[in-house]
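Q: Numbered per the UniProt record's numbering, the sequence shown spans residues 1 to 434.
Where is the CB? At the ideal position from N, CA and C, for every residue including glycine.
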Amino acid sequence: MCLSSAHISLASPGTVWRPDDTTPSVPACPGTVYREDILRTIEETIAALDGELRQLSMEIHDHPELAYQERHAHDVLTTFMARHGFEVEPHYHLETAWLASYEHGTGGRTIGINSEMDALPGVGHACGHNLIAIAGVAVACAIKAVFEKFDVSGKIQLLGTPAEETASGKLDLLESGCYKNMDACLMCHPAPGPKGSVSLSSCLALERIEVEYFGHTAHAALSPWEGKNALDAAVLGYNNISALRQQLRPTHRVHGIFEGKDWAPNIIPDYAKFICYVRAPTRAEQQQTMIRVIPCFEAAALATGCKLKITGKGAVYDLRQNKALGDEVAHVVRSKYGSVDYEWGIKSASTDFGNVTYAIPSLHPGFSIPTVLDGGNHTSAFATAAATPEAHAACLDVSKALAAVGVRVVIDDAFFAQVKRTFEEDRAARNLVV
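(1) Leaving aside the five residues before and after Gly14 along the sequence, list all residues of the same chain whose C-beta is less than 6 Å from its C-beta, in chain order.
(2) One question on the structure: do Thr304 and Ile268 come within less than 7 Å of each other, judged by their Cβ atoms?
(3) Contact between the segment 95-114 and the segment 31-50 is defined here as three or more beta-carbon pairs at a separation below 8 Å; is this criterion met?
(4) Which runs of the alpha helix (DSSP H) spanning at least 4 residues fall entirely within the segment 334-363, listed in chain order?
(5) Which residue wins for smallest C-alpha separation from Ser362, given the options Val409, Asp341, Gly215?
(6) Spell out a yes or no on whether the segment 200-213 and the segment 383-390 are touching, meaning 3 or more CB-CB pairs, one atom from each, closer than 8 Å.
(7) Can you list, in chain order, the residues of its chain whose CB lies under 6 Å from that of Pro90, leaving out five sequence neighbours each side?
(8) Just mark Glu70 as buried or exposed, buried being the case when its beta carbon has 16 or more other beta carbons within 10 Å.
(9) When the Cα atoms are used, what is the spatial distance from Phe150 to Cys141?
(10) Using 8 Å for Cβ pairs, my map puts Gly169 next to Asp352. What's the rounded Cβ distance?
(11) Which residue marks the beginning of the alpha helix (DSSP H) containing Val293, and which one marks its end?
(12) Mind checking whether His63 and His74 have CB atoms under 7 Å apart?
(13) Could you give the C-beta distance for Arg292 and Leu236, rounded to a whole number, given that I count them as a contact under 8 Å?
(14) Mark Arg334 as exposed unless 16 or more other C-beta atoms lie within 10 angstroms of its C-beta, in which case mark it buried.
(15) Checking the sheet assignment: what are the DSSP bridge partners for Asn114?
(16) Could you give the first and the last residue of the continuous alpha helix (DSSP H) run that contains Val407?
(17) Grouping DSSP H, G and I as helix and E and B as strand, with all else coil, what is Trp98?
(18) Considering just the uninterrupted stretch of the beta strand (DSSP E) at His255, what are its terminal residues?
(19) Residues in its own chain within less than 8 Å of Phe80 by CB, not counting five upstream and five downstream?
(20) Buried or exposed: which applies to Thr424, given that a residue is buried once 16 or more other Cβ atoms fall within 10 Å of its Cβ?
(21) List the DSSP bridge partners of Arg279.
(22) Excluding the 5 residues flanking Phe147 on each side, which residues of the same chain have their C-beta closer than 7 Å to its C-beta?
(23) With which residues is Cys185 paired in a DSSP beta bridge?
(24) Report the option in Val76, Thr110, Thr96, Pro192 whose CA atom is closest to the CA atom of residue 438.
(25) Suppose the cutoff is 8 Å on Cβ atoms and the five residues either side in sequence are ignored; what does the same chain contact list for Gly376 look like?
(26) Excluding five sequence neighbours on each side, which residues of the same chain lie with their C-beta closer than 6 Å to the C-beta of Lys309?
(27) My guess is that Val405 and Glu328 are in contact by the Cβ rule of under 8 Å, so how many angstroms apart are they, rounded?
(28) Measure the C-alpha to C-alpha separation of Gln418 and Leu325 and round it to an integer number of angstroms.
(29) For Thr32, name the three-state secondary structure that DSSP assigns.
(30) Applying the 10 Å Cβ sphere with the 16-neighbour rule, what's the burial state of Gln288?
(31) Quick check on Ala428: buried or exposed, where buried means 16 or more other Cβ atoms within 10 Å of its Cβ?
(32) Are Gly256 and Cys276 closer than 7 Å when you measure CB to CB?
(33) To the nearest angstrom, how far is it from the Cα of Thr23 to the Cα of Gly338?
(34) With a threshold of 16 other CB atoms inside 10 Å of the CB of Thr96, please say whether the residue is buried or exposed.
(35) Inspect the beta-carbon positions of Ala67 and Thr166 and report whether they are closer than 7 Å.
(36) Are the CB atoms of Asp426 and Arg320 nearer to each other than 7 Å?
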């Protein structure tokens with residue numbers, strides 16, 4: 001049965017669904033989804049867990065924790081998964097990472113799922129990771145119910161991934177082999193967008209660098225000629241970047257902040273740091289832009305007589321949404337839950353899940369939640385939006401679609417062959433880019 005417009009949750013008073021507040025028409029049924037009986041089991045399972053998932057989401061939302069400090073989230077999530085029949089490995093490779101596994105029968109493929117948990121400095125869960133956390137839980141529990149009811153041989157690995165916002169925790173987990181046994185990996189992310197929409201956009205590749213300038217202190221009034229001003233060097237580097245921006249493509253981003261220590265107005269600073277993020281639509285484009293960014297900092301050091309140190313702080317790649325997985329989730333969403341777009345979501349943001357999509361077949365749809373005007377991701381208003389019942393309902397709808405796709409990966413050999421083929425085709429296309 002197709003979803004009627006009456007089933008789309010409405011924004012609460014005072015909120016809007018960005019980028020507009022129109023209700024998209026739910027498309028006519030494009031045909032039945034794969035295994036309607038399985039999807040019914042998924043829906044029934046998630047509906048039965050609704051209250052528990054809401055409580056879990058709010059428990060995480062109300063206790064925001066920064067990168068690698070997600071101890072409360074770690075504990076409540078691992079406790080929940082153990083209570084629901086999963087084998088849990090706490091502190092999995094990283095202190096606040098965890099793995100919840102379930103295996104039914106013998107053999108079969110392994111579906112991977114991610115739950116993020118970390119918050120942002122000052123604005124709490126302003127990227128909605130409380131929702132991402134429970135989406136992973138919902139998908140894992142729904143697939144487990146399908147395995148049991150339909151006697152499916154397969155394995156579920158739900159990986160709790162810390163430090164997405166500031167430290168790219170998935171890179172450590174990827175390098176440690178935590179994804180090596182997964183045949184495919186799924187997760188989702190909230191964002192503003194048209195009501196009822198699931199987005200299959202990509203995101204920007206990102207490289208973080210720290211640019212440090214080392215100078216020489218002096219009395220700023222008595223003998224300034226004795227000094228080498230590290231703050232001036234950092235400011236010059238920033239201004240050089242500003243001049244470069246007009247020659248960069250509009251889809252590229254370069255931005256950052258200054259840091260220092262022991263600064264005083266009457267002392268010429270001998271140390272300054274510029275923390276810089278360089279982004280572009282693909283990893284290859286990002287690397288080309290980085291080649292143009294570095295001389296901006298080198299020139300500033302030369303002009304001020306300061307020494308320069310540039311330290312890479314990790315790179316995350318663009319999202320390579322697996323086409324077969326994406327087409328399937330789009331079909332389920334359009335048939336049952338809402339609309340699909342390829343423009344909103346986190347298109348101009350970045351995530352460490354991008355690196356996972358380069359390594360194994362993966363999918364990372366966005367899903368729209370109601371926000372106030374100018375209250376998108378990384379604002380306090382978005383933290384408020386991530387706690388609303390409407391956001392919770394949208395999160396559970398996309399979780400149902402992801403669970404359906406995850407089951408099909410495990411049980412449908414022809415579909416999984418298509419997943420692997422489209423992954424290899426994308427890998428080959430990336431390798432052709434110079």
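A: Reading from the atomic positions:
(1) One-based indexing of the sequence shown puts residue 14 at position 14. The predicted model places Gly14 with a pLDDT of 40, which falls under 50 and marks its position as unreliable, so this point remains unresolved.
(2) For this step, residue 304 is matched to residue 304 along the sequence shown. For this step, residue 268 is matched to residue 268 along the sequence shown. Taking 7 Å as the cut-off, the Cβ atoms of Thr304 and Ile268 do not count as close.
(3) With the cut-off at 8 Å, the segment 95-114 and the segment 31-50 do not touch.
(4) With a minimum length of 4 residues, the continuous alpha helix (DSSP H) runs that stay inside the segment 334-363 are 353-359.
(5) The residue labelled residue 362 in the question sits at position 362 within the sequence shown. When Val409, Asp341, Gly215 are compared, the shortest CA-CA separation from Ser362 is found for Val409.
(6) Contact between the segment 200-213 and the segment 383-390 is absent: fewer than three C-beta pairs spanning the two stretches fall below 8 Å.
(7) Counting from 1 along the sequence shown, the entry for residue 90 is found at position 90. Listed in chain order, the non-local C-beta contacts of Pro90 below 6 Å within the same chain comprise Thr78, Trp98, local neighbours out to five positions each way being set aside.
(8) Stepping through the sequence shown from its first residue, residue 70 is reached at position 70. Flag for Glu70 reads buried.
(9) In the sequence shown, residue 150 corresponds to position 150, counting from 1. In the sequence shown, residue 141 corresponds to position 141, counting from 1. In a straight line, the C-alpha of Phe150 is about 14 Å away from that of Cys141.
(10) As a working note, residue 169 is residue 169 in the sequence shown. As a working note, residue 352 is residue 352 in the sequence shown. Contact between Gly169 and Asp352 is confirmed by a C-beta separation of about 7 Å, below the 8 Å threshold.
(11) As a first step, residue 293 must be located in the sequence shown, where it is residue number 293. Counting along the chain, the alpha helix (DSSP H) containing Val293 begins and ends at 283-304.
(12) For the purposes of this step, residue 63 is taken as the residue at position 63 of the sequence shown. For the purposes of this step, residue 74 is taken as the residue at position 74 of the sequence shown. No, the Cβ-Cβ distance between His63 and His74 is not below 7 Å.
(13) On the sequence shown, position 292 is the one that residue 292 refers to. On the sequence shown, position 236 is the one that residue 236 refers to. Incorrect: roughly 16 Å between the Cβ atoms, too far for contact.
(14) Taking the sequence shown and counting its residues from 1, one reaches residue 334 at position 334. Under this definition Arg334 is a buried residue.
(15) Within the sequence shown, numbered from 1, the residue matching residue 114 stands at position 114. Asn114 is bridged by DSSP to Leu159.
(16) One-based indexing of the sequence shown puts residue 407 at position 407. In this chain, the alpha helix (DSSP H) harbouring Val407 covers 389-411.
(17) The sequence position of residue 98 within the sequence shown is 98, counting from 1. In this structure, Trp98 counts as strand in the three-state DSSP scheme.
(18) Translated into the one-based positions of the sequence shown, residue 255 becomes position 255. Per DSSP, His255 belongs to the beta strand (DSSP E) from 253-259.
(19) In the sequence shown, the residue the question calls residue 80 occupies position 80. Excluding sequence neighbours, Phe80 sits near Glu52, Leu56, Val137.
(20) Stepping through the sequence shown from its first residue, residue 424 is reached at position 424. The question names Thr, but residue 424 in the sequence shown is Glu. Flag for Glu424 reads exposed.
(21) Start at 1 with the first residue of the sequence shown, and residue 279 comes out as number 279. Under DSSP, Arg279 takes part in a beta bridge, and its partners are Leu206, Arg253.
(22) Along the sequence shown, read from residue 1 onward, the residue named residue 147 stands at position 147. Only His104, Gly154 meet the Cβ criterion.
(23) Looking up residue 185 in the sequence shown gives position 185. Cys185 is bridged to Gly112, Ser362.
(24) This structure cannot settle anything about residue 438, because the visible part of the chain is limited to 1 through 434.
(25) Residue numbering aside, residue 376 sits at position 376 when the sequence shown is read from its first letter. Cβ within range, chain order: Arg18, Ala191, Pro192, Phe382.
(26) Counting from 1 along the sequence shown, the entry for residue 309 is found at position 309. Cβ neighbours of Lys309 beyond the five flanking positions: Glu212.
(27) Reading the sequence shown from its first residue, position 405 is the one you call residue 405. Reading the sequence shown from its first residue, position 328 is the one you call residue 328. Separation of the CB atoms of Val405 and Glu328 is rounded to 5 Å, and the pair is thereby assigned contact status at 8 Å.
(28) On the sequence shown, residue 418 is found 418 positions in, with the first residue counted as 1. On the sequence shown, residue 325 is found 325 positions in, with the first residue counted as 1. Taking the straight line from one Cα to the other gives about 9 Å.
(29) As a first step, residue 32 must be located in the sequence shown, where it is residue number 32. Note: Thr32 maps to coil in three-state DSSP.
(30) Translated into the one-based positions of the sequence shown, residue 288 becomes position 288. Exposure of Gln288 is indicated by the presence of fewer than 16 other C-beta atoms within 10 angstroms of its C-beta.
(31) Here residue 428 refers to the residue found at position 428 of the sequence shown. Counting every other CB atom within 10 Å of its CB across the protein chains shown gives Ala428 a total below 16, marking it as exposed.
(32) Position 256 of the sequence shown, counted from the first residue, corresponds to residue 256. Position 276 of the sequence shown, counted from the first residue, corresponds to residue 276. Yes, these two residues count as a Cβ contact at 7 Å.
(33) Working through the sequence shown from its first residue, we reach residue 23 at position 23. Working through the sequence shown from its first residue, we reach residue 338 at position 338. Here Thr23 scores only 36 on pLDDT, less than 50, and its place in the model is too uncertain to base an answer on.
(34) By one-based count along the sequence shown, residue 96 stands at place 96. Result: buried.
(35) Here the question's residue 67 lines up with position 67 in the sequence shown. Here the question's residue 166 lines up with position 166 in the sequence shown. Yes.
(36) Position 426 of the sequence shown, counted from the start, is the residue given in the question as residue 426. Position 320 of the sequence shown, counted from the start, is the residue given in the question as residue 320. Yes, the Cβ-Cβ distance between Asp426 and Arg320 is below 7 Å.
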